[in-house]
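Note that the UniProt record's numbering has the sequence shown beginning at 1, numbered continuously upward.
Here the structure comes first, spelled out in structure tokens, and everything after it is commentary.
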Amino acid sequence: MAGERLEDILAPGLSVVFCGINPGLLAAAQGHHFAGRGNRFWRTLHLAGFTPHEMHAEDDQGILQFGCGLTAVVERPTARADQLAAQEFVAAALGFEQKISRYATRYVAFLGKAAYAVLSGQTVVAWGAQAKTLGGAHVWVLPNPSGRNRAFSLEQLVAAYQELHQALIAGRSSGVVQRQPGGQHPAGD
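What follows is the structure, encoded as structure tokens:
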């Protein structure tokens, strides 16, 4: 089963879609996002306030009930993200942007700088909120929670993800209306 495509977990009007670079081999083989004992995504998501309890990869479909979705820029699974060619990101760019627009998500959160750098054409990407939108969604860049990314401690990951969570809460409490399916923006968004 390794090498199969990992299905997106998306629905119209989500608050945020977390976007991995591409599926890992284990995730693709198991058919669940962020699989593997070393991956800190589910723990980080809970500790940052996105979910009321820590979820597990095998329950990944349940993330929709919390207004969150999951996807990847490049569909091809690899053991490491550095096994992808820049051309794969370029080839995926238009379809990815159309997907984000079609689902009318409020935020797209890239997990790592690499994919967003290629999609945006920027050579330098800062962490956090980005000035540009993608497919009508606000863009946020977060550290990749992969177990291979030890440049960030769990505490640092949680702090970075909490910033996005707080931005989502602030947007809801300020009366900002979510985008409507089809990419239209209501007044104030």
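Cβ atoms here follow ideal geometry from the backbone N, Cα and C, with glycine treated the same way.
In this text, all values refer to a predicted model and were calculated from it rather than measured experimentally.
In this structure, how does DSSP classify residue i when only helix, strand and coil are distinguished?
| i | result |
| --- | --- |
| Val90 | helix |
| Ile9 | strand |
| Ala2 | Low confidence applies here, because Ala2 scores a pLDDT of 43, under 50, leaving its location unreliable and the question unanswered by this model. |
| Leu111 | strand |
| Gly147 | coil |
| Gly20 | strand |
| His185 | With a pLDDT of 34 at His185, under the threshold of 50, the predicted position of this residue should be treated as unreliable, though the coordinate-derived value follows. His185: coil per DSSP, three-state reduction. |
| Gly171 | helix |
Between which two residues does the alpha helix (DSSP H) harbouring residue i extend?
| i | result |
| --- | --- |
| Leu45 | Phe41 to Leu47 |
Given a cut-off of 7 Å on the beta-carbon distance, is the pair residue i and residue j in contact?
| i | j | result |
| --- | --- | --- |
| Ala85 | Ile21 | no |
| Glu54 | Trp42 | yes |
| Leu134 | Val108 | yes |
| Ala91 | Val73 | no |
Span of the beta strand (DSSP E) holding residue i?
| i | result |
| --- | --- |
| Leu70 | Cys68 to Ala72 |
| Ala131 | Gly128 to Leu134 |
Using a Cβ-Cβ cut-off of 7 Å (strictly less than) and excluding sequence neighbours within five positions of residue i, which residues of its own chain qualify?
| i | result |
| --- | --- |
| Leu64 | Ile9 and Ala11 |
Which residue from the options puts its Cα closest to that of residue i?
| i | options | result |
| --- | --- | --- |
| His165 | Gly24, Asn149, Ser146 and Val141 | Val141 |
| Val125 | Leu111, Thr71, Ala137 and Gly136 | Leu111 |
| Arg40 | Pro52, Arg148 and Ser15 | Arg148 |
Who are the near neighbours of residue i in its chain, counting only those whose CB is closer than 6 Å to its CB and skipping five residues on each side?
| i | result |
| --- | --- |
| Pro143 | Phe152, Leu157 and Ala160 |
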